[in-house]
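Worksheet: one structure, shown below.
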Amino acid sequence: MPGSRSSRPSRASKTKPRGASRRAAAAAPGAWRPALAVWASALALGALFAWWHAAHGYSYYYGDAEAHLDIARHILDTPVRTWESLGTVWLPLPHILMLPLVGSDVWWRNGLAGAAPSVLCFSLAVLLLFLLVRRLTGSATAGVTSAVVFASNPNLLYLQSTAMTEAVYAACSLGALYALVRASQGEGLAWPAVAGVAALAGALTRYEGWFLLPFYALYLLLASGRPRWGAAALFCAIAGLGPLAWMAHNWWWWGDALEFYRGEWSARAIYERALRSGMKPAPGDGDWPLAFLYFTSAVRYVCGTALAIFGGLAMAACMRRRLAAPLGLLLLAPLFYVWSLHSAGLPIFLPGLWPNSYYNTRYALAALPALALGSGALVALMPGSRYRGLLMAFAVCLAVLPWALYPRAGNWICWKESEVNSAARRRWTGELAAFLKAHYRGGGIAMSFGDARGALRLAGIPLREAMHEGSGVPWHASLARPELFLRQEWVITLSGGKLASALPRGERRGLRYDCRRTIVVEGAPVVQVWRLSSRLRPPEFAAPEEEQRRQFEKALREVP
1 MPGSRSSRPS RASKTKPRGA SRRAAAAAPG AWRPALAVWA SALALGALFA WWHAAHGYSY
61 YYGDAEAHLD IARHILDTPV RTWESLGTVW LPLPHILMLP LVGSDVWWRN GLAGAAPSVL
121 CFSLAVLLLF LLVRRLTGSA TAGVTSAVVF ASNPNLLYLQ STAMTEAVYA ACSLGALYAL
181 VRASQGEGLA WPAVAGVAAL AGALTRYEGW FLLPFYALYL LLASGRPRWG AAALFCAIAG
241 LGPLAWMAHN WWWWGDALEF YRGEWSARAI YERALRSGMK PAPGDGDWPL AFLYFTSAVR
301 YVCGTALAIF GGLAMAACMR RRLAAPLGLL LLAPLFYVWS LHSAGLPIFL PGLWPNSYYN
361 TRYALAALPA LALGSGALVA LMPGSRYRGL LMAFAVCLAV LPWALYPRAG NWICWKESEV
421 NSAARRRWTG ELAAFLKAHY RGGGIAMSFG DARGALRLAG IPLREAMHEG SGVPWHASLA
481 RPELFLRQEW VITLSGGKLA SALPRGERRG LRYDCRRTIV VEGAPVVQVW RLSSRLRPPE
541 FAAPEEEQRR QFEKALREVP
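Numbering (the working numbering), first residue to last: 1 to 560.
Pasting the structure below:
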């Protein structure tokens, strides 16, 4: 018997867009429960790994982690607090996030002041990836797959246990992409504003965030199938504040809006100095195929070969209309690093390629969100729940088994890089800290604001006791005329450093420091600790006579 007119599906139901059904599924009652479970699991996992790494003393293996924490500490632990303490090369948001905890001596010394915000951002990144994949595919199973693939990577878990910036940027970039997807579905101007705030945070965390801003704006303008000028303009007005603020900061404090790019401590300047000293060009410099080879090889080391292959095939299979643009945006960060290898002198060293060492391997984590999204999206394409479950288990096994079969930190290349490259530094800073702890009783220390800061942390000496590059005029005056302006009782010099050349000049003019300790470690500069012995008193100038003073002032007034 033919169905009645009322029982037939309406024309509207036949033409209901698939995107609307996915949004309805994501907004269904109880949809928040799996999201909460994903976030809580990621938070617990991140906190567990952070505690484990701190307990084993790994929090400061990366020299950059030490530097990030010390910059944040210096903002608070300094005689005069100014925004200049934020520095010039590294972007400020990670340091600002550490401020609530880095003031505690205990949290600063064990590294947890930097790990805590990283763990929170890691858990937020996992949650945002789950929400993004669920919204794009309409499948919570696909979202969980992507979240597990992303969160189970031990290299990311190590970096989020330190003061490094990878977890913070992952939360910012995934937050921006999720908000952009929501905004592209025509949900008012609130989501473009949220996307702008997230992109602004990303632009104040890592420089690839600057590279992505115009592509985000273009996606927002065109993704809905019609130009959305108001949404794109609002996004640009908010997100663009990040680069503008940082350039203004550099201009105000250093007189050059591009100081972070071409200043003395910029990556470009450091690389050019290394080339002038005889170092060979970095692999991939000026060579596109070699740059691509080194980055993709790093992806295999960092993400695992099995996941790199599976995720790459999954992304190719999922390049459908609704997934192509988000996947493309996620792939822009890896493209940025390939470009940097080719055009910016950025080096990535791997044990299997010349020069067979470890350096900047963590940059390959930029490919992990795209691999995770592709893996989850492929699960969503399976026709039945049974097959989805099987493919989910297969994807998770590919992501986890390479690390689970050999559960040692030495198999995680990012940890191995930090361990190998910090061996000499950890040894000499440990010896220096032991000496300072035994002999320093105040009087101030002049030292470069470099690796030697770790010795102050280990010895329990506040950073405000040290005079360094961040001290501004006193530092430069002490280097120019040490016999007049170098007033600290102790000086720590590294071979080839500016203080090492300033001391002999001061000695020729009556300033005398005695060397109390020399530390020689293979693969590290020679470290010397000096203590003030004597100085010639500066000459005393007689005050001008009153008549001379009046004549001088009169002459000044008569000058046209």
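Built from N, CA and C at the ideal position, the CB exists for glycine as well. All figures in this text were calculated on a predicted structure; none of them were measured in a lab.
What is the residue span of the beta strand (DSSP E) that Asp514 lies within? Arg512 to Ile519
Rounded to the nearest angstrom, what separates Ile445 and Ile492 at their Cα positions? 7 Å
Give me the Cα-Cα distance between Gly186 and Ala201, rounded to the nearest whole angstrom. 23 Å
Using 8 Å for Cβ pairs, my map puts Ala380 next to Ala142. What's the rounded Cβ distance? Correct: roughly 4 Å between the Cβ atoms.
Tell me, please, which residues DSSP counts as bridged to Met467. Ala446
Using the rule of at least 16 other Cβ atoms within 10 Å of the residue's Cβ for burial, across every protein chain shown, is Pro94 buried or exposed? buried
Can you grab the Cα-Cα spacing for the pair Met319 / Leu136, in whole Å? 12 Å
Between Leu436 and Ala455, how many whole angstroms is the CB-CB distance? I'm expecting something under 8 Å. 6 Å
Is there a C-beta anywhere in chain C that falls below 8 Å from the one on Ala203? Any reference to chain C falls outside this structure, which holds one protein chain only.
So, at 6 Å on beta carbons, what are the nonlocal neighbours of Gly345 in its own chain, with the 5 sequence-adjacent residues on each side left out? Tyr271, Ala282 and Asp285
Can you say whether Ser161 is buried or exposed, counting buried as having 16 or more other CB atoms within 10 angstroms of its CB? Label assigned to Ser161: buried.
Mapping the DSSP letters down to three states, classify Tyr261 as helix, strand or coil. helix
Whole angstroms are fine: how far does the CA of Ala245 sit from the CA of Leu124? 25 Å
CB-CB length for Leu69 against Gly111, believed under 8 Å: 7 Å
Counting only runs that start and end within the stretch 378–421, where is the alpha helix (DSSP H) found for 4 or more residues in a row? 385–404 and 413–421
In its own chain, which residues sit with a C-beta less than 8 Å from the C-beta of Tyr358, not counting the 5 before and 5 after it? Phe349, Leu350, Pro351, Ile413, Lys416, Glu417, Val420 and Asn421
If Ala291 sits next to Ala239, beta carbons under 8 Å apart, how far is it from one beta carbon to the other, in whole angstroms? With a Cβ gap of about 28 Å, Ala291 and Ala239 do not count as contacting.
Give me the Cα-Cα distance between Ser277 and Gly209, rounded to the nearest whole angstrom. 32 Å
For Ala395 and Met164, the rounded distance between their alpha carbons: 28 Å
Which runs of the alpha helix (DSSP H) fall wholly inside the stretch 177–225 and span at least 4 residues, in chain order? 190–203 and 208–222
Nearest neighbour of Asn360, chosen from Ala183, Ala171 and Tyr62 [CA to CA]: Tyr62
For Cys397, does the count of other Cβ atoms within 10 angstroms reach 16, so buried, or fall short, so exposed? exposed
Identify whether Tyr169 lies in helix, strand or coil by the three-state DSSP scheme. helix
Can you grab the Cα-Cα spacing for the pair Ser7 / Ala325, in whole Å? Confidence in Ser7 is poor, its pLDDT being 44 and thus under 50, which makes the residue's placement unreliable; the coordinate value appears in the next sentence. Approximately 39 Å between the Cα atoms of the pair.
Under three-state DSSP, which class holds Ile354? Contrary to the premise, residue 354 reads as Trp rather than Ile in this sequence. Note: Trp354 maps to coil in three-state DSSP.
Report the three-state DSSP secondary structure of Leu494 (helix, strand or coil). strand
Who are the Cβ neighbours of Gly175 in its own chain at under 6 Å, not counting the five residues just before and after it? Leu128 and Ala198
Could you check if Trp251 is buried or exposed, using at least 16 other CB atoms within 10 Å of its CB as the buried criterion? Trp251 is exposed by the Cβ-count criterion.
List the DSSP bridge partners of Trp252. None; Trp252 has no bridge partner.
Beta carbon of Pro474 nearer than 8 Å to that of Arg505: no
For Leu561, which residues does DSSP report across the bridge? An answer regarding residue 561 cannot be provided, because it is not within the stretch 1 to 560 covered by the chain.
How far does the alpha helix (DSSP H) with Cys318 in it extend, from its first residue to its last? Element bounds for Cys318: n/a, residue is neither H nor E.
Run the CB neighbour count on Val520, radius 10 Å, all protein chains shown included, and call it buried at 16 or more, exposed below. exposed
Quick one: using the 10 Å Cβ neighbour count with 16 as the cut-off for buried, is Asn356 buried or exposed? exposed
Can you list, in chain order, the residues of its chain with a C-beta nearer than 7 Å to that of Ala113? Leave out the 5 residues immediately preceding and following it. Leu69, Met98, Leu101, Val102, Ser104 and Trp107
Would you mind working out which of Arg531, Arg408 and Leu234 sits nearest His53, comparing C-alpha positions? Arg408
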